[in-house]
Amino acid sequence: MTTPEAKTQAVELTYREAVREAIRDALKRDERVFLMGEDVGRYGGCYAVSKGLLGEFGPERIRDTPLSESGFTGAGIGAAMAGMRPIVELMTVNFSLLALDQILNTAATVRHMSGNQFGVPLVIRMATGAGRQLAAQHSHSLEGWYAHIPGIKVLAPATLEDARGMLWTALQDPDPVLIFENIMLYNMSGRLPTDAGPVDIDKAVVRRLGRDISLITYGGSLWKTLDAATTLAAKGIDAEVIDLRSLRPLDDATIMMSVAKTRHVIIIDEGWRSGSLAAEIGMRIIEQAFWSLDAPVARVCSEEVPVPYPSHLENAALPQASKIVAAAMAALGRA
Amino acid sequence: MTAPTDKPRLSREHVLSLLKQMIRIRRFEAKCAELYTQEKIRGFLHLYDGEEAIAVGVIPVLEKRDRIVATYREHGHALVRGVPMTTVLAEMYGKQEGCSHGRGGSMHLFDRATNFYGGNAIVGGGLPLAVGLALGDHMQRNRLVTACFFGEGAVAEGAFHESLNLAALWGLPVLFVCENNLYAMGTALALSESETDIQRKAACYRIQAEAVDGMDVVAVEAAARRAVHAVRQTGKPYFLECRTYRLRAHSMFDAQLYRDKGEVETWRKKEPIVRFQGWLEANRMVHPDDLTRIEADVAAEIADAVAFAEAGTWEPVEQLTRFTYGEKAA
Amino acid sequence: MAEFRMPSLGPDMQAGTLVEWLVKPGDSVKRGDIVAVVETQKGAIEIEIYQSGQIEQILVDLGSKVPVGTPLAVIRAEGEAKPSVAAPASPPMTQPVPLVAPVPIRTTAPPIAAPAGAVSSARASPAARRLAREHGVDLSTLMGTGPAGAVTYADVERRIAEAVPAPEKKRALWLDLEAMRTAIAAAMVRSKREIPHYYLEHHVDVSACQQWLAHKNVARSPDSRLLFAALAIKAVALAVPHFSGFNGFYRDNKFEPAQSVHIGVAIAIRGGGLAAPALHDANQLSLDELMSRMRDLVQRTRAGRIRSSEISDPTITVSSLGERGVETLYGIIYPPQVAIVGFGKIVMRPWIVDGTVESRSVINVTLSADHRVSDGHVGALFLAEIGKLLQEPDKL
Chain A
59 MTTPEAKTQA
69 VELTYREAVR
79 EAIRDALKRD
89 ERVFLMGEDV
99 GRYGGCYAVS
109 KGLLGEFGPE
119 RIRDTPLSES
129 GFTGAGIGAA
139 MAGMRPIVEL
149 MTVNFSLLAL
159 DQILNTAATV
169 RHMSGNQFGV
179 PLVIRMATGA
189 GRQLAAQHSH
199 SLEGWYAHIP
209 GIKVLAPATL
219 EDARGMLWTA
229 LQDPDPVLIF
239 ENIMLYNMSG
249 RLPTDAGPVD
259 IDKAVVRRLG
269 RDISLITYGG
279 SLWKTLDAAT
289 TLAAKGIDAE
299 VIDLRSLRPL
309 DDATIMMSVA
319 KTRHVIIIDE
329 GWRSGSLAAE
339 IGMRIIEQAF
349 WSLDAPVARV
359 CSEEVPVPYP
369 SHLENAALPQ
379 ASKIVAAAMA
389 ALGRA
Chain B
53 MTAPTDKPRL
63 SREHVLSLLK
73 QMIRIRRFEA
83 KCAELYTQEK
93 IRGFLHLYDG
103 EEAIAVGVIP
113 VLEKRDRIVA
123 TYREHGHALV
133 RGVPMTTVLA
143 EMYGKQEGCS
153 HGRGGSMHLF
163 DRATNFYGGN
173 AIVGGGLPLA
183 VGLALGDHMQ
193 RNRLVTACFF
203 GEGAVAEGAF
213 HESLNLAALW
223 GLPVLFVCEN
233 NLYAMGTALA
243 LSESETDIQR
253 KAACYRIQAE
263 AVDGMDVVAV
273 EAAARRAVHA
283 VRQTGKPYFL
293 ECRTYRLRAH
303 SMFDAQLYRD
313 KGEVETWRKK
323 EPIVRFQGWL
333 EANRMVHPDD
343 LTRIEADVAA
353 EIADAVAFAE
363 AGTWEPVEQL
373 TRFTYGEKAA
Chain C
2 MAEFRMPSLG
12 PDMQAGTLVE
22 WLVKPGDSVK
32 RGDIVAVVET
42 QKGAIEIEIY
52 QSGQIEQILV
62 DLGSKVPVGT
72 PLAVIRAEGE
82 AKPSVAAPAS
92 PPMTQPVPLV
102 APVPIRTTAP
112 PIAAPAGAVS
122 SARASPAARR
132 LAREHGVDLS
142 TLMGTGPAGA
152 VTYADVERRI
162 AEAVPAPEKK
172 RALWLDLEAM
182 RTAIAAAMVR
192 SKREIPHYYL
202 EHHVDVSACQ
212 QWLAHKNVAR
222 SPDSRLLFAA
232 LAIKAVALAV
242 PHFSGFNGFY
252 RDNKFEPAQS
262 VHIGVAIAIR
272 GGGLAAPALH
282 DANQLSLDEL
292 MSRMRDLVQR
302 TRAGRIRSSE
312 ISDPTITVSS
322 LGERGVETLY
332 GIIYPPQVAI
342 VGFGKIVMRP
352 WIVDGTVESR
362 SVINVTLSAD
372 HRVSDGHVGA
382 LFLAEIGKLL
392 QEPDKL
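Chains as they are written, first to last, in my numbering: chain A, 59 to 393; chain B, 53 to 382; chain C, 2 to 397.
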């Protein structure tokens with residue numbers, strides 16, 4: 059209910075609930091949409107994202123699958139080609155490796171191989187990231203790998219608005235869209251307007267305006283970066299924070315405008331350093347904003363080690379606000 | 053709908069059609085081999101010699117709206133399905149007049165008009181796709197059949213098992229057609245499968261399955277009629293193992309070190325065209341004039357296709373990055 | 002007649018070796034027949050023919066490895082008349098062009114002095130460089146506050162704010178003596194490190210030159226007089242074409258004799274600089290031309306208006322200390338040259354002429370040469386030739 063005085067009503071909810079709302083909203087608006095994946099139905103979703111949806115929409119539209127990532131991802135591709143709008147949930151990016159062949163060799167390439175006769179309007183959602191001591195095989199951040207592939211789009215919603223709004227836009231896209239939900243964000247809560255709706259899926263957004271240094275990041279690292287910006291502000295450094303939101307395509311224009319202004323840049327990326335998405339962004343900055351730079355492009359990434367189990371080691375392996383602060387200070391010659 | 057037609061009607065017209073389709077494929081493949089040696093066709097080329105009875109027996113049984121998923125050895129399937137020979141050959145040349153706009157080549161023939169979903173170079177890669185097409189039809193209550201052709205080599209891939217399981221579990225209208233030609237590239241079946249009776253694997257997933265002599269086009273058609281009817285009626289999957297043999301090498305560049313020439317010759321004596329033509333001649337259902345006419349028609353069609361492909365044009369390089377992403381849906 | 006060519010059987014097949022012919026001339030073949038066996042990297046593959054007719058001629062022998070597309074045999078189609086002469090074999094397909102080896106990178110010698118427009122070797126960020134360029138700020142005059150002393154944008158901004166007038170830089174950084182000395186130092190260190198110098202000294206009676214010059218200059222104004230230096234340079238220029246081991250460049254572990262004779266003339270610059278720009282084709286210049294060009298070179302050198310080509314292409318250098326100098330000068334070779342001829346000052350000395358002692362004008366001529374290219378024997382001959390030429394100044 060809205061009172062005449064209130065312009066918009068907002069509700070307190072978690073990131074997980076925002077994703078659930080996005081799925082529910084899509085299922086209601088478009089009967090071609092259905093959700094398919096392991097334990098999405100009776101279990102309610104590994105991260106409880108789809109809790110309650112089976113009861114609301116039934117087993118045809120909330121489809122539990124066997125442990126057959128390749129099989130059901132391919133099935134999602136085929137169903138999309140046959141006129142449906144499936145949302146395939148791969149439980150985590152770690153298991154998506156079993157479906158890599160279908161994602162790369164079918165989903166990403168059918169349009170091209172068929173000379174534009176067939177497209178694959180499929181959405182694949184996956185949980186990603188580390189931080190819960192799940193150890194080496196359950197802690198990958200492979201968004202950068204997927205962002206390497208022409209033919210698909212890759213998104214990293216880091217805010218409630220994006221968790222709520224990106225899915226519908228992705229479902230309208232004629233090409234495969236991969237949405238990465240960082241596991242550390244599911245419990246994050248905040249306020250979201252009740253009329254929050256679809257958002258664009260190809261632009262980066264400046265989350266904090268600044269003058270001294272650009273901090274470019276995505277997904278789970280956004281909040282660490284904003285924390286770092288707060289710390290830097292206390293030290294008299296005014297950091298600009300950019301949330302990439304779309305990892306493929308990358309919003310070069312927003313990035314370069316920021317770098318031209320601040321002349322210093324750190325890229326924060328939870329993937330491993332070598333061959334990371336940060337490396338790609340760094341290269342683009344060299345290509346497009348070289349003459350603006352007043353310090354080398356720097357990055358804060360995960361250390362070159364499989365993610366360890368004990369928390370002190372896991373923390374040391376991953377990007378942290380303190381590392382971002384240190385990198386920023388060094389870049390500005392204030393180390 | 054008409055009554056279940058599970059027996060082929062062997063009218064003169066029909067048998068000549070079966071024979072012609074097989075000969076048409078055989079001559080086309082021979083022309084492809086020739087063109088490949090002249091470097092007109094490049095990359096990999098996989099020919100269907102000896103297996104024609106399967107495509108010719110199964111595909112005409114399907115309806116136009118049904119869907120077909122095939123492998124990289126799919127020229128015969130595309131031709132029988134009705135993809136014009138001109139656009140197939142142009143595609144293999146890489147010309148933009150090809151059925152996939154020249155972008156795919158021999159292994160990636162696609163045709164929307166005939167619901168031909170490719171052409172796939174990943175062994176086993178088409179099975180999950182076929183399951184998905186059938187899933188879409190199942191959810192939209194389309195009463196369509198998706199025929200998925202694959203070699204027995206695919207049976208080793210995890211995707212085969214995942215796909216059969218899903219199709220059976222969810223009751224999806226997939227006709228799995230396993231073209232068992234006894235060799236996965238250079239590896240004999242007995243050296244790669246603990247259970248070489250392939251139809252039994254499908255039976256383990258509780259899919260109705262049968263094996264048929266893939267060298268007998270009439271037997272294949274009869275089995276296909278049974279199978280397609282069952283899939284369309286029940287909406288459930290069916291598994292047809294067609295036992296056949298690949299007369300040529302796996303691809304053009306294959307010295308066939310893994311098999312005996314004597315074995316090939318033995319199979320050559322019982323290959324589908326020889327068998328069917330022999331049977332027709334013995335039963336006086338075909339006359340020498342018919343054969344002459346068939347060969348002439350086929351030769352003319354092939355010559356026409358070659359001319360079409362030769363005259364085809366190269367897509368301008370400036371358009372390189374087209375067909376990576378689509379336009380936004382209306 | 003048609004040709005049966007080596008078929009392409011695979012995307013990575015470039016050639017095949019014919020190991021067996023299954024047909025011979027005169028045999029009939031029909032489309033689809035296996036006619037030969039070809040050995041490839043994958044093994045032996047039977048190849049079929051796509052034409053029908055008669056084998057007219059086999060073109061390739063067994064055991065030959067031929068590229069895809071090479072004609073292997075000539076086929077006469079059914080019904081075709083037998084030709085009266087053998088059909089000429091068509092030329093074999095051109096071999097794939099081998100990858101051209103990349104041209105080795107030549108490391109040119111560092112110029113003797115800083116070239117025009119030298120970029121400061123100071124570390125500066127791209128943003129700082131651009132700002133500096135836009136405002137004409139000389140980066141080398143800034144103290145950088147960035148990491149490892151790098152010049153930052155803020156450093157340049159501060160300089161601009163101070164509005165310190167930039168030093169007159171109408172002539173480029175050529176007269177940056179600091180940079181010049183640094184470059185000379187680098188060149189000389191390199192020379193001494195890499196070039197095995199040997200030294201020869203020759204005493205030459207140049208009385209004839211002095212007399213000739215006096216005679217020549219009597220009617221000339223000072224700015225058009227001939228100086229001994231011109232005679233010296235001309236003598237060297239005329240001698241050196243006969244001794245190619247002293248005229249050219251030693252690069253990439255080998256000596257390249259130069260076709261032309263460009264004499265590098267060592268010129269001292271006020272303030273401590275030194276340059277040795279070239280007098281091009283000195284052996285072809287008349288003495289007057291040579292003198293006038295030398296004057297021009299000296300003037301321009303001292304004014305900082307030397308062209309970079311004049312710096313970089315002397316083929317041999319002549320250095321003279323003139324009247325103020327000492328009697329003997331042992332020069333250091335400017336790499337990549339291989340010799341330097343030094344002239345000391347002309348002094349009166351007792352000299353034996355026809356058995357008696359006379360007073361003569363004598364000059365010590367030295368040769369410092371690269372022992373990788375020449376040895377004392379030829380060096381001595383070279384110096385002797387110079388000495389000889391100086392006995393007949395009118396022929397120079």
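We put the beta carbon where it would ideally sit given N, CA and C, even for glycine.
message = Can you give me the C-alpha to C-alpha distance between Ala337(A) and Thr283(A), rounded to a whole angstrom?
response = Thr283(A) has its alpha-carbon roughly 18 Å from the corresponding atom of Ala337(A).
query = Glu47(C) to Leu19(C), Cα distance in whole Å?
reply = Those two C-alpha atoms are separated by around 10 Å.
inquiry  = Given this structure, state the Cα-to-Cα distance separating Ser279(A) from Gly150(C), to the nearest angstrom.
reply    = Straight through space, the alpha carbons of Gly150(C) and Ser279(A) are spaced by roughly 33 Å.
request  = Flag Ala110(C) as yes if its beta-carbon sits less than 7 Å from any beta-carbon of chain B, otherwise no.
outcome  = With a pLDDT of 46 at Ala110(C), under the threshold of 50, the modelled position of this residue cannot be trusted; read the value that follows with caution. No, Ala110(C) does not count as interfacial toward chain B.
message = With a threshold of 6 Å on Cβ separation, who are the neighbours of Arg294(C) within its own chain once the five nearest residues in sequence on each side are excluded?
response = Hits under 6 Å: Leu280.
request  = Examine the Cβ distances between the segment 380-391 of chain C and the segment 233-249 of chain C and report whether three or more of them are shorter than 8 Å.
outcome  = Enough Cβ pairs lie closer than 8 Å, so yes.
inquiry  = Buried or exposed, going by whether 16 or more other CB atoms sit within 10 Å of the CB of Tyr73(A)?
reply    = The C-beta of Tyr73(A) has 16 or more other C-beta atoms within 10 Å across all chains shown, which makes the residue buried.
ask   = Buried or exposed: which applies to Ala87(C), given that a residue is buried once 16 or more other Cβ atoms fall within 10 Å of its Cβ?
value = A caution first: Ala87(C) carries a pLDDT of 48, below 50, which makes its placement in the model unreliable, though a value can still be read off. By the neighbour-count criterion, in which 16 or more other beta carbons inside 10 Å mark a residue as buried, Ala87(C) falls on the exposed side.
ask   = For Thr183(C), which residues does DSSP report across the bridge?
value = BP columns for Thr183(C) are empty, so no partner.
inquiry  = Taking only three categories from DSSP, how would you classify Tyr200(C)?
reply    = Tyr200(C) falls in the strand class under three-state DSSP.
ask   = By DSSP, does Asp268(B) sit in helix, in strand, or in coil?
value = Taken through DSSP and simplified to helix, strand or coil, Asp268(B) comes out as coil.
task = Pull up the CB-CB distance for Met159(B) and Gly11(C), whole angstroms please, since I reckon it's below 8 Å.
result = In fact, because the Cβ distance is near 14 Å, the residues do not count as touching under 8 Å.
inquiry  = Check whether chain C comes within 7 Å of Ser309(B), counting only Cβ atoms and requiring the distance to be less than that.
reply    = The question names Ser, yet the displayed sequence has Leu at residue 309(B). Cβ-Cβ to chain C under 7 Å: yes for Leu309(B).
key: Local Cβ density within 10 Å of Trp222(B), reported as buried at 16 or more and exposed below that   = With 16 or more neighbouring CB atoms inside 10 Å of its own CB, Trp222(B) falls in the buried class.
inquiry  = Using beta carbons (cut-off 7 Å, strictly below), is Val280(B) in contact with chain A?
reply    = For Val280(B), the answer is no, since every Cβ of chain A falls outside 7 Å of its Cβ.
key: Residue-level contact to chain B via CB, Asp233(A), 7 Å cutoff   = So, interface residue.
request  = Could you tell me whether the segment 256-263 of chain A touches the segment 291-309 of chain A, where touching means 3 or more Cβ pairs closer than 8 Å?
outcome  = The answer is yes - the segment 291-309 of chain A touches the segment 256-263 of chain A, with three or more Cβ pairs under 8 Å.
query = Closer than 8 Å, Cβ to any Cβ of chain B: which residues of the segment 165-182 of chain A, in chain order?
reply = Of all residues in the segment 165-182 of chain A, only Val168, Arg169, His170, Met171, Ser172, Gly173, Asn174, Gln175, Phe176, Gly177 and Pro179 come within less than 8 Å of chain B when Cβ atoms are compared, listed by chain position.
ask   = Can Ile347(C) be considered in contact with the ligand PLP, in the sense that its beta carbon sits closer than 6 Å to one or more heavy atoms?
value = Among the components modelled here there is no ligand, and therefore nothing to report on the ligand PLP.
request  = Anything in chain B within Cβ reach of Ile46(C), meaning under 7 Å, just list it in chain order.
outcome  = The contacting residues are Ala307.
query = So who's on the other strand from Val39(C), going by DSSP bridges?
reply = The secondary-structure analysis by DSSP pairs Val39(C) across a beta bridge with Leu19(C) and Ile46(C).
query = Got a sec: which bits of the segment 80-112 of chain B sit with their beta carbon under 8 Å from any beta carbon on chain C, in order along the chain?
reply = When CB distances to chain C are screened at a threshold of 8 Å, the residues of the segment 80-112 of chain B falling below it are Ala82, Ala85, Glu86, Tyr88, Thr89, Gln90, Glu91, Arg94, Gly95 and Phe96, in chain order.
query = In the segment 126-149 of chain C, which residues sit with their C-beta less than 9 Å from some C-beta in chain A, listed in chain order?
reply = Using a CB distance below 9 Å, the part of the segment 126-149 of chain C facing chain A consists of Ser126, Pro127, Ala128, Ala129, Arg130, Arg131, Thr146, Gly147 and Pro148, ordered along the chain.
task = May I ask you to report which of helix, strand or coil DSSP gives Met59(A)?
result = Note that Met59(A) scores 47 on pLDDT, short of 50, meaning its location in the model is unreliable; the coordinates nonetheless yield the value given after this. DSSP, reduced to helix, strand and coil, places Met59(A) outside both helices and strands of the structure shown, so it counts as coil.
ask   = Comparing the C-beta of Phe115(A) with each C-beta of chain C, is any distance below 7 Å?
value = No, because no Cβ of chain C sits closer than 7 Å to the Cβ of Phe115(A).
query = Relative to the alpha-carbon of Asn394(A), which residue among Gln191(A), Gln160(A) and Gly209(A) has its alpha-carbon at the smallest distance?
reply = Residue 394(A) lies beyond the residue range present for chain A, which begins at 59 and ends at 393; the question has no answer from this structure.
request  = Please list the residues of the segment 346-373 of chain A that have a C-beta atom closer than 8 Å to any C-beta atom in chain C, keeping them in chain order.
outcome  = Those residues of the segment 346-373 of chain A that come within reach of chain C (Cβ to Cβ, closer than 8 Å) are Phe348, Trp349, Ser350, Leu351, Asp352 and Ala353.
task = Determine the direct distance from the alpha carbon of Asn254(C) to that of Arg303(C), and round the result to whole angstroms.
result = Each residue's alpha carbon lies about 34 Å from the other.
task = Identify which residue in Tyr169(B), Glu245(B) and Leu332(B) has its Cα closest to the Cα of Leu181(B).
result = Ranking the options by Cα distance to Leu181(B), first place goes to Tyr169(B).
task = Report the neighbours of Met304(B) on chain C: residues whose CB is nearer than 7 Å to its CB, in chain order.
result = Within chain C, the residues near Met304(B) are Leu10 and Gly11.
ask   = Quick one: does Lys43(C) have its CB under 7 Å from some CB of chain B?
value = Output row for Lys43(C): interface = yes.
request  = Check the Cβ-Cβ distances between Tyr154(C) and every residue of chain A, and say whether any is below 7 Å.
outcome  = Yes - at least one Cβ of chain A is within 7 Å of the one on Tyr154(C).
message = So, under 8 Å CB-CB, Leu227(B) and Val280(B) are touching, yes? Tell me the CB distance rounded to an integer number of Å.
response = Their Cβ separation, rounded to whole angstroms, is 6 Å, which keeps Leu227(B) and Val280(B) in contact under 8 Å.
task = Would you kindly work out how many angstroms separate the C-alpha atoms of Lys66(C) and Pro8(C), rounded to a whole number?
result = So the two alpha carbons sit approximately 13 Å from each other.
ask   = Can Val327(C) and Phe344(C) be called in contact, C-beta distance under 7 Å?
value = Not a contact, by the Cβ cut-off of 7 Å.
key: Rounded distance between the beta-carbons of Phe247(C) and Ala370(C), thought under 8 Å   = That belief holds up - the Cβ atoms of Ala370(C) and Phe247(C) are roughly 6 Å apart, short of 8 Å.
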